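Visitor: Supplied in C-alpha cells, the structure appears directly below.
Protein chains in written order, with my numbering: chain Y, 5 to 206; chain F, 52 to 482.
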C-alpha cells in the first residue's frame with residue numbers, strides 16, 4: 005500500500021464509522037495481483053507462450069495499460085472485460101506489486117541470424133525510446149525483450165493492425181517495416197535470456 | 052502497514068531468485084511458527100500450499116492428498132478431441148516438496164474440528180493450527196436412479212479426470228459411424244458450468260473427422276446453460292446438425308433413471324438410447340467435508356466470504372468447488388482465486404493481523420474447435436445485506452463473455468490464450 009492509498013484507507017475508515025460500511029476499501033495490491041497469476045504466471049512470470057510476463061513493469065506503464073483496456077482504447081479479447089471490474093486505485097496497488105518483482109526473460113528457442121539482424125534494426129529505429137535493447141521497464145512501455153515469441157507476434161499485430169495506442173513516430177516506423185523486419189525484431193527480443201541483463205540501476 | 056507489505060513483496064521476490072539478498076530468510080525458515088494443513092492436493096490445494104509457504108516460510112505447510120499425481124479435470128475435454136494426452140494434464144508434488152512443503156499421500160477421511168486434527172485412512176492423526184480444506188466435489192450416487200459408482204464403470208462420468216476420461220474416450224473410439232453419444236448434463240450447482248457443452252463440441256470435433264454420420268445429444272436437467280448463445284452458434288458453425296441439446300423443459304426435468312445393461316435413459320415420459328452414455332451426475336462437496344460436518348443441507352460448504360473460514364468450524368478455511376453455491380462459478384480459476392484469498396487470510400490470522408478485503412477473480416476458456424475458443428471472466432466482491440446475510444456479487448459489468456461478433460483471429464487468439472491459461476494455472480501449484 006502506498007502512502008497515498010494508506011491515506012485513502014484511513015479516510016475511508018473514518019467515513020465507515022459514520023455509515024457503517026467501508027464501501028471504498030480495496031484489497032491489498034498483493035492479493036489483487038495474485039489473482040492475475042492464473043494467466044500471467046506466478047508473480048507475473050508467464051510460462052504460457054501466448055500471455056506476457058508482467059513482472060517488473062513500471063508502475064506508470066501498468067496503470068496506463070489497464071486504463072487503456074478499461075476505456076476501450078486498446079485492442080483486447082478479454083483484458084477490456086477484466087479491466088471493467090477494477091478502479092484506478094486498484095490498478096495502482098497491483099502496479100506497485102508487479103513493479104517490485106524481478107523480470108525473468110522467457111527461456112525459448114530463437115533464430116540467431118534473425119536476432120542479429122533484429123539487433124541492428126532495433127538500435128537504428130527503436131532504441132531511442134526502448135532503451136537497453138528493450139530490456140528496460142520504461143515509464144510508457146514494458147520490457148519488449150524476454151517476452152514469448154507468440155505474444156510478441158500478437159503485440160506487433162495489435163500495433164500495426166488494431167490501432168494499439170502508440171506515438172506517431174512509432175506508427176510510421178512500423179508501417180515501413182516489412183514482415184521480415186518484424187520477425188527479426190521479435191527474434192532479437194526473444195534472444196535476450198540472461199536475467200542479469202534486466203537488472204538496471206535506476 | 053506499508054512496511055509489512057513491502058517485506059512481504061520481498062519474500063515473494065525471493066522466490067524469483069533474490070533469496071540470497073534477504074537478511075532474515077534463513078532464520079525464519081529454520082523455526083516453525085504454526086502448522087497449516089491442506090486437505091486435497093488438486094489445483095486449489097496445491098496453490099494454497101505454495102502461497103502460504105511463500106508468504107511466511109516459518110509456517111509448516113503439509114498437503115494431505117490420496118492420489119500421488121493429480122490429473123486436472125479442466126482440459127480433459129481436449130483429450131477427447133485428440134488435442135492433448137492425459138499425461139500432459141497430470142502433475143506431481145516434487146516441486147512442492149522442493150519448496151519445503153510436506154506432502155502426505157493418504158486419504159483424509161475426517162477432520163476433527165474440535166481436536167484440530169485430520170484423521171486419515173492410513174491411521175494417521177495430523178494436527179493443525181489452521182486447516183485449508185480443498186476437497187473438490189463428489190457425486191450424488193443414485194440421485195439419478197441406477198447411476199452409482201459401479202454404473203460409472205459402464206456409463207462414464209469423466210467428471211474427475213483419469214481412468215474415467217480414458218474409458219469415455221475408448222467407448223467413443225470403439226463406436227460405429229452413425230452412432231449417438233449422449234451427455235447427461237447435471238443440475239446447478241456443479242463443477243465447471245460450461246464443461247458439458249465444450250465436451251459436446253470437442254466430441255463432435257473427433258466424430259466429424261472419424262465418424263461423420265454420428266451425433267451428440269445433450270439431455271439437460273436445466274432450461275438454460277453457461278455461454279448458451281455462443282455455444283449453440285458455434286456448434287452449428289463447426290458441426291452443423293451434429294449436436295442436439297434437449298433442455299430440461301422438454302423432458303420435465305431431464306433424465307431420472309438410467310439402465311446400464313441397455314445403455315438407456317429415462318425421463319418421466321420418454322425413453323432414450325445411445326451408443327455411448329456419458330452421465331455427469333448431480334454433485335456435492337467432497338466427501339471429507341460432508342463427513343466432517345462442514346457442509347450444510349445444500350451439500351456444499353458455507354463460508355465467510357471475507358476470509359473463507361467455515362461458518363460451521365473455527366480455524367477451517369474452505370476453497371474451490373466445495374464452497375456453497377454463490378456467484379463464484381465452480382471453476383479451476385476460482386479454485387486458484389479462493390486458494391489465494393485463504394492463503395493470505397491464514398497467514399494474516401497466524402501473524403495476528405486482521406485480513407483485509409478479499410479479491411476474487413475468474414477466467415474460463417471453452418473450446419468450440421481447436422481454433423475457436425470463447426471465454427467468460429469476472430471480478431467479484433463479497434457484500435453483506437441489511438440483515439447481515441453475506442453473498443458475493445460481480446463488480447460492475449465485469450462478469451462478461453466473449454462478444455458474439457468476434458472474428459476468426461479473435462477466436463483463434465482466445466484458443467491460444469486457453470492453452471497458456473492452462474500452463475500458468477497449473478504452474479502456480481505444481482510448477
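Virtual Cβ for every residue (Gly too), placed ideally from N, Cα, C.
Only a predicted model underlies this, so the values are computations on that prediction, with no experimental measurement involved.
(1) Which residue comes first and which comes last in the beta strand (DSSP E) that contains residue 168 (chain F)?
(2) Could you give the DSSP three-state label for residue 127 (chain F): helix, strand or coil?
(3) Do the region 314 to 333 of chain F and the region 226 to 234 of chain F meet, that is, are 3 or more Cβ pairs less than 8 Å apart?
(4) Tell me which residues of the region 79 to 101 of chain Y have at least one Cβ-Cβ distance to chain F shorter than 7 Å, keeping chain order.
(5) Using a Cβ distance threshold of 8 Å, determine whether the region 113 to 129 of chain Y contacts the region 180 to 191 of chain Y, with at least three qualifying pairs required.
(6) Residue 461 (chain F) versus chain Y: which residues are under 9 Å apart at the beta carbon?
(7) I'd like to know whether the C-beta of residue 465 (chain F) is nearer than 8 Å to at least one C-beta of chain Y.
(8) Which chain F residues are close to residue 158 (chain Y), counting only those with a beta carbon under 7 Å from its beta carbon?
(9) Please work out which residues of its chain come closer than 6 Å, Cβ to Cβ, to residue 72 (chain F), disregarding the five sequence neighbours upstream and downstream, and give them in chain order.
(10) Which word fits residue 278 (chain F), buried or exposed, when buried means at least 16 other C-beta atoms lie within 10 angstroms of its C-beta?
(11) For residue 91 (chain F) and residue 185 (chain F), which I take to be in contact (beta-carbon distance under 8 Å), what is that distance rounded to the nearest angstrom?
(12) Report buried or exposed for residue 73 (chain Y), applying the criterion of at least 16 other Cβ atoms within 10 angstroms of its Cβ.
(13) Within 10 angstroms of its Cβ, does residue 166 (chain Y) collect 16 or more other Cβ (buried), or is it exposed?
(14) List the residues of chain Y whose Cβ lies closer than 9 Å to the Cβ of residue 388 (chain F), in chain order.
(15) Should residue 462 (chain F) be labelled buried (16 or more other beta-carbon atoms within 10 Å of its own) or exposed?
(16) Kindly say whether residue 61 (chain Y), judged by its beta-carbon, lies nearer than 8 Å to any beta-carbon of chain F.
(17) Going straight from the alpha carbon of residue 386 (chain F) to that of residue 316 (chain F), what length do you get?
(18) By Cβ distance, which residues of its chain are closer than 8 Å to residue 105 (chain Y), with the 5 residues on each side in sequence left out?
(19) Out of F:362, F:404, F:384 and F:110, which has the shortest C-alpha to C-alpha gap to residue 371 (chain F)?
(20) Can we say the region 149 to 159 of chain F touches the region 110 to 126 of chain F, given the rule of at least three CB pairs closer than 8 Å?
(21) May I ask which residues mark the beginning and end of the beta strand (DSSP E) holding residue 416 (chain F)?
(22) Hey, would you say residue 378 (chain F) sits closer than 8 Å to residue 309 (chain F), going by beta carbons?
(23) Restricting to Cα atoms, I'd like to know which of Y:76, Y:97 and Y:54 is closest to residue 62 (chain Y).
(24) Would you mind sorting residue 467 (chain F) into buried or exposed? The rule is 16 or more other CB atoms within 10 Å of its CB.
(25) In three-state DSSP terms, what is residue 84 (chain F)?
(26) For residue 116 (chain Y), tell me which candidate among Y:37, Y:199, Y:192 and Y:205 has the shortest Cα-Cα distance.
(27) So what does DSSP say about residue 86 (chain Y), is it helix, strand or coil?
(28) Apart from the five residues just before and just after residue 295 (chain F), which ones in its own chain have a Cβ nearer than 6 Å to its Cβ?
(29) Mind listing the chain F neighbours of residue 45 (chain Y)? Cutoff is C-beta to C-beta under 7 Å, in chain order.
(30) Let me check understanding here. Comparing Cα to Cα, which of F:442, F:169, F:190 and F:416 lies closest to residue 357 (chain F)?
(31) To which residues of the same chain is residue 122 (chain F) closer than 7 Å at the C-beta, ignoring the five residues directly before and after it?
(32) For residue 81 (chain Y), does the three-state DSSP call read helix, strand or coil?
(33) Taking C-beta pairs closer than 9 Å, name the residues in chain Y that residue 244 (chain F) reaches, listed in chain order.
(34) Is residue 198 (chain F) near the ligand ZN, going by C-beta to nearest heavy atom under 7 Å?
(35) Helix, strand or coil, according to DSSP, for residue 121 (chain F) in the structure here?
Guide: Once the coordinates are examined:
(1) Against the second chain, residue 168 (chain F) aligns to sequence position 117. Run containing residue 168 (chain F): 168 to 171, per the beta strand (DSSP E) assignment.
(2) Here residue 127 (chain F) refers to the residue found at position 76 when the second chain is read from its first residue. Residue 127 (chain F) falls in the helix class under three-state DSSP.
(3) yes
(4) 81, 82, 85, 86, 88, 89, 90 and 101
(5) yes
(6) Within the second chain, numbered from 1, the residue matching residue 461 (chain F) stands at position 410. In chain order: 81.
(7) Taking the second chain and counting its residues from 1, one reaches residue 465 (chain F) at position 414. Answer yes: the Cβ-Cβ gap between residue 465 (chain F) and chain Y drops below 8 Å somewhere.
(8) The sequence position of residue 158 (chain Y) within the first chain is 154, counting from 1. By Cβ distance, chain F contributes 464.
(9) Locating residue 72 (chain F) in the second chain gives position 21, where the first residue counts as 1. Note on residue 72 (chain F): pLDDT 37, under 50, position unreliable in the model; the coordinate value appears next. Same-chain partners within the cutoff: there are none.
(10) Indexing the second chain from 1 puts residue 278 (chain F) at position 227. Looking at its Cβ environment, which holds 16 or more other Cβ atoms inside 10 Å, residue 278 (chain F) is buried.
(11) The residue labelled residue 91 (chain F) in the question sits at position 40 within the second chain. The residue labelled residue 185 (chain F) in the question sits at position 134 within the second chain. Contact flag correct, Cβ pair sits at about 4 Å.
(12) Position 69 of the first chain, counted from the first residue, corresponds to residue 73 (chain Y). With 16 or more other Cβ atoms within 10 Å, it is buried.
(13) The residue given as residue 166 (chain Y) occupies position 162 in the first chain. Result: exposed.
(14) Reading the second chain from its first residue, position 337 is the one you call residue 388 (chain F). Within 9 Å Cβ-Cβ: 38, 39 and 42.
(15) Position 411 of the second chain holds residue 462 (chain F). By the 10 Å Cβ count, residue 462 (chain F) comes out buried.
(16) Here residue 61 (chain Y) is taken as the residue at index 57 of the first chain, counted from 1. It does not; no Cβ of chain F falls within 8 Å.
(17) Here residue 386 (chain F) corresponds to residue number 335 of the second chain, with the count starting at 1. Here residue 316 (chain F) corresponds to residue number 265 of the second chain, with the count starting at 1. Here the alpha carbons of residue 316 (chain F) and residue 386 (chain F) stand approximately 33 Å from one another.
(18) In the first chain, counting from the first residue as 1, residue 105 (chain Y) sits at position 101. Only 47, 48, 49, 59 and 60 meet the Cβ criterion.
(19) Counting from 1 along the second chain, the entry for residue 371 (chain F) is found at position 320. Comparing Cα positions, the closest option is F:384.
(20) Yes, the region 149 to 159 of chain F touches the region 110 to 126 of chain F.
(21) If you number the second chain from 1, residue 416 (chain F) lands on position 365. 411 to 420 is the extent of the beta strand (DSSP E) around residue 416 (chain F).
(22) The sequence position of residue 378 (chain F) within the second chain is 327, counting from 1. The sequence position of residue 309 (chain F) within the second chain is 258, counting from 1. Against a cut-off of 8 Å, the Cβ pair of residue 309 (chain F) and residue 378 (chain F) comes out as no contact.
(23) If you number the first chain from 1, residue 62 (chain Y) lands on position 58. Residue Y:97 is the option with its Cα nearest to residue 62 (chain Y).
(24) By 1-based counting over the second chain, the position of residue 467 (chain F) is 416. By the neighbour-count rule (16 or more Cβ atoms within 10 Å), residue 467 (chain F) is buried.
(25) Numbered from 1 along the second chain, position 33 holds the residue referred to as residue 84 (chain F). In the three-state scheme derived from DSSP, where H, G and I count as helix and E and B as strand, residue 84 (chain F) is classed as coil.
(26) Here residue 116 (chain Y) corresponds to residue number 112 of the first chain, with the count starting at 1. For residue 116 (chain Y), the nearest C-alpha among the options comes from Y:192.
(27) Residue 86 (chain Y) sits at position 82 when you count from the first residue of the first chain. Here residue 86 (chain Y) sits in helix by DSSP.
(28) Taking the second chain and counting its residues from 1, one reaches residue 295 (chain F) at position 244. 268.
(29) Counting from one through the first chain, the residue named residue 45 (chain Y) turns up at place 41. Residues of chain F passing the Cβ test: 475 and 478.
(30) By one-based count along the second chain, residue 357 (chain F) stands at place 306. Nearest option by C-alpha distance: F:442.
(31) One-based indexing of the second chain puts residue 122 (chain F) at position 71. Taken in chain order, the residues that qualify are 137, 140, 141, 212 and 213.
(32) Position 77 of the first chain, counting from 1, holds the residue named residue 81 (chain Y). Reduced to three states, the DSSP call for residue 81 (chain Y) is coil.
(33) If you number the second chain from 1, residue 244 (chain F) lands on position 193. Residues of chain Y passing the Cβ test: none, with the nearest at roughly 17 Å.
(34) Absence of the ligand ZN is noted for the structure shown, with no ligands found whatsoever.
(35) Within the second chain, numbered from 1, the residue matching residue 121 (chain F) stands at position 70. Three-state result, residue 121 (chain F): strand.
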